[in-house]
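Structure first, commentary second.
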Amino acid sequence: MSNPDTAISDDNIAAVLSMCMYENLRGSNLLMTHLRGLRQMVDMRGGINNLPADQGQHLSENIVLQDLIHATCSNVPPFLIDIYGPILRDVRGIGTEPFYPQSPLRVIDTANFDGLDPQLQSSFQVLKDAFDGLEMLCIEAFDPDTAADEAAAFKIRRDAFWTRLQQSEKRDDTDEVPGALEKRVEEAVRLAATIHFRAVALRIQHGDEANATTIKRLHMLVRKIDRTFWKIAPYTYLWIQLNGGAASHNHPEYRPYFVSEIMRLGLSVGLYDWRPFRQTLASFLWLQQYLRRHKTAPMT
Numbered sequence: 001m002s003n004p005d006t007a008i009s010d011d012n013i014a015a016v017l018s019m020c021m022y023e024n025l026r027g028s029n030l031l032m033t034h035l036r037g038l039r040q041m042v043d044m045r046g047g048i049n050n051l052p053a054d055q056g057q058h059l060s061e062n063i064v065l066q067d068l069i070h071a072t073c074s075n076v077p078p079f080l081i082d083i084y085g086p087i088l089r090d091v092r093g094i095g096t097e098p099f100y101p102q103s104p105l106r107v108i109d110t111a112n113f114d115g116l117d118p119q120l121q122s123s124f125q126v127l128k129d130a131f132d133g134l135e136m137l138c139i140e141a142f143d144p145d146t147a148a149d150e151a152a153a154f155k156i157r158r159d160a161f162w163t164r165l166q167q168s169e170k171r172d173d174t175d176e177v178p179g180a181l182e183k184r185v186e187e188a189v190r191l192a193a194t195i196h197f198r199a200v201a202l203r204i205q206h207g208d209e210a211n212a213t214t215i216k217r218l219h220m221l222v223r224k225i226d227r228t229f230w231k232i233a234p235y236t237y238l239w240i241q242l243n244g245g246a247a248s249h250n251h252p253e254y255r256p257y258f259v260s261e262i263m264r265l266g267l268s269v270g271l272y273d274w275r276p277f278r279q280t281l282a283s284f285l286w287l288q289q290y291l292r293r294h295k296t297a298p299m300t
């Protein structure tokens, strides 16, 4: 457009944002073209913090969300923001969160998974193991002296985590679906935890072929669970979808589903609860970045 002010209007930014959402779902390389255009438009407006966040527009959050989704599901650094260190334990009180906040990517203070809905109680140990696994990796990354002192203990804990996963493991190459909802949820958590364990303990990137059978089973199974179930633990569901989205990077037949679910969560829970939502995604992005840089497995 000849008029720069019109070219970078809210409406035009929203139009390009809509194209980003569409290309993100498709997994198209055109997304980067639109993100570059968005970045230029945002810079001309004085930066992302100068965009309106009232009247239900939430332009800045939506732009960042598309960048974060593309980064997690394509195993690349985000284009518009920097990756910062994970915050696994938030010091705020659990009552300050509008949604049940606990997940293997972030817990409130020292509450761990206290208050977990009874329908998820059978997954308590798996979720706790998954959080502990990421926390151990963070200690190795940020406090090597402590990690060296605790190396033997860490190996014992990781071995126990993997043993528990294997004890409950079913065949991942079957199309059979458990009849009971609780069993479907339990297996979905286990499958996500398997991908997660390979990442935090074996340092296997999510999109590795080692996860091919697991992601196929997870994609089939999680779609058999009514979305309304996850109102009891939206951040646990987000963790499942992030593992699925990252693991489906090389599987275009599965990727659109996981992208759409992460996007749906972002446009609902995320916009209402933006700081914790973004913080949770940031922990996952840090993990992916760490795996890109460190590929040597600590376990034997």
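By my numbering, the letter at position 260 of the sequence shown is numbered 260, and the numbering carries on one by one without gaps.
Cβ atoms here follow ideal geometry from the backbone N, Cα and C, with glycine treated the same way.
Anticipated Cβ contact below 8 Å, residue 38 with residue 16, distance rounded: 5 Å
When 25, 63, 178, 177 are compared against residue 43, the one with the closest alpha-carbon: 63
Candidates 294, 290, 213: closest to residue 77 by CA position: 290
Beta carbon of residue 105 nearer than 8 Å to that of residue 283: yes
Exposure of residue 121, with buried meaning 16 or more beta-carbon neighbours within 10 Å: exposed
Whether residue 280 touches residue 237 by CB criterion (8 Å): no
N- and C-terminal bounds of the alpha helix (DSSP H) containing residue 60: 59-74
Residues that residue 260 bridges to, as DSSP identifies them: Beta-bridge pairing links residue 260 to no other residue.
Bridge partners - residue 108, DSSP secondary structure assignment: 90
Candidates 288, 295, 294, of which the one nearest residue 83 by Cα: 288
Reduced DSSP secondary structure (H/G/I, E/B, other) of residue 103: strand
Backbone secondary structure at residue 298 - three-state DSSP: Note that residue 298 scores 49 on pLDDT, short of 50, meaning its location in the model is unreliable and no value can be drawn from it.
Minimum length 4: unbroken alpha helix (DSSP H) runs contained in the stretch 191-224: 212-222
Length of the line joining the Cα atoms of residue 215 and residue 7: 42 Å
Spatial distance of residue 252 from residue 35 (CA atoms): 21 Å
As assigned by DSSP and simplified to three states, the class of residue 290: helix
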